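Student:
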Amino acid sequence: MSDHACEPADGVAEVCLVVQHEGRVRAVAARLSGVDGRWLVTALQIG
Numbered sequence: 113m114s115d116h117a118c119e120p121a122d123g124v125a126e127v128c129l130v131v132q133h134e135g136r137v138r139a140v141a142a143r144l145s146g147v148d149g150r151w152l153v154t155a156l157q158i159g
């Protein structure tokens with residue numbers, strides 16, 4: 113698995129992962145926003 117994360121704005125995180133499982137490779141991208149002390153996933157894409 114490889115990963116990358118960045119913080120484009122205060123309270124916002126964007127992450128992307130490349131995951132290999134049972135011989136298949138998938139890309140996962142997510143955008144998270146800090147809300148009331150917790151992370152809320154505001155966008156998710158799996159390909």
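Numbers 113 to 159, taken from the working numbering, label the letters of the sequence shown in order. Cβ atoms here follow ideal geometry from the backbone N, Cα and C, with glycine treated the same way. From a predicted model like this one, the values you see are computed outputs, not experimental measurements.
For the beta strand (DSSP E) holding Gly146, just list the boundary residues, first then last.
Tutor: Looking up residue 146 in the sequence shown gives position 34. Looking at the DSSP string, the run of the beta strand (DSSP E) that includes Gly146 is 136 to 147.
Student: Quick check: Val124 and Leu156, are their CB atoms within less than 9 Å of each other?
Tutor: For the purposes of this step, residue 124 is taken as residue 12 along the sequence shown, with counting starting at 1. For the purposes of this step, residue 156 is taken as residue 44 along the sequence shown, with counting starting at 1. It is not a contact, given that the beta carbons lie outside the stated cut-off.
Student: Between the Cα of Cys128 and the Cα atoms of Ala121, His116, Arg138, which residue gives the shortest distance?
Tutor: Start at 1 with the first residue of the sequence shown, and residue 128 comes out as number 16. Residue His116 is the option with its Cα nearest to Cys128.
Student: Which two residues bound the contiguous beta strand (DSSP E) that contains Asp115?
Tutor: Within the sequence shown, the letter at position 3 stands for residue 115. Element bounds for Asp115: 114 to 121.
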